[in-house]
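Have a look at the structure below, then the notes.
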Amino acid sequence: MTTSIEVKKAQLETAVHYLAGLLEEGSLIQHYDPETRREIAEVLELMLAKVNGLPDNVPDNLVQAAVVRAIVGAAENLHIEEALEREVFLNRQMREVEAFASIHGHTLTGWEPVSGEEGVEYQSSCRECGGFVYVSLSGTYNLLLDSCERM
Numbered sequence: 088m089t090t091s092i093e094v095k096k097a098q099l100e101t102a103v104h105y106l107a108g109l110l111e112e113g114s115l116i117q118h119y120d121p122e123t124r125r126e127i128a129e130v131l132e133l134m135l136a137k138v139n140g141l142p143d144n145v146p147d148n149l150v151q152a153a154v155v156r157a158i159v160g161a162a163e164n165l166h167i168e169e170a171l172e173r174e175v176f177l178n179r180q181m182r183e184v185e186a187f188a189s190i191h192g193h194t195l196t197g198w199e200p201v202s203g204e205e206g207v208e209y210q211s212s213c214r215e216c217g218g219f220v221y222v223s224l225s226g227t228y229n230l231l232l233d234s235c236e237r238m
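To convert, take the position in the sequence shown, counting from 1, and add 87; that gives our numbering.
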């Protein structure tokens, strides 16, 4: 009994999609950290999409190039996702600091980006007392007084 190329291709696609789903979900493949699993799953999905778009009788080196593009694309997608997660975290920290400052009578200036060990970080100061607060991925450094006093 011979299986047609189309059937084999469909079975392989199903298997790869299933493996990608298992990697993302993680229950059967627990010894990889979640970030590694997501990256491998992303590569597999992008690889299938790129290979499916190739015409028939493409040389092996072009198929391999499509796989390399899938790996590079997955890495770029994950870096974008990580950057967005960091920005969301920093924005949440800034809103919490603004609420604290307001409750204690401080009037903060706009947030200014500053360079730090972890990339972009932000600081703001009170217009009235000159105290300041610094927000980074590792934490918030609050040097505002418990109540705002003009300098």
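C-beta: ideal position from N, C-alpha, C; glycine also. Keep in mind that this is a model prediction, so the values were computed, not measured.
Straight-line gap, residue i to residue j (C-alpha atoms, nearest Å)
i, j, result
"N164", "Y119", "19 Å"
"L224", "A170", "11 Å"
"L149", "S114", "34 Å"
"R125", "N178", "25 Å"
"S211", "T123", "36 Å"
"G203", "L99", "47 Å"
"T227", "V220", "7 Å"
"P200", "V175", "15 Å"
"N144", "A128", "27 Å"
"A97", "I167", "31 Å"
Residues sharing a beta bridge with residue i, DSSP
i, result
"F219", "S212 and L230"
"V103", "None; V103 has no bridge partner."
"V207", "S202"
"L195", "C213"
Per-residue DSSP class, three states only, for residue i
i, result
"V201", "strand"
"L141", "coil"
"S189", "helix"
"G113", "coil"
"D120", "coil"
"L177", "helix"
"R156", "helix"
"R125", "helix"
"L135", "helix"
Burial state of residue i, where buried means 16 or more other Cβ atoms lie within 10 Å
i, result
"R182", "exposed"
"H193", "buried"
"E208", "buried"
"A136", "exposed"
"L231", "buried"
"A186", "exposed"
"A162", "exposed"
At least 3 beta-carbon pairs within less than 8 Å: the region 99 to 109 vs the region 124 to 137: yes
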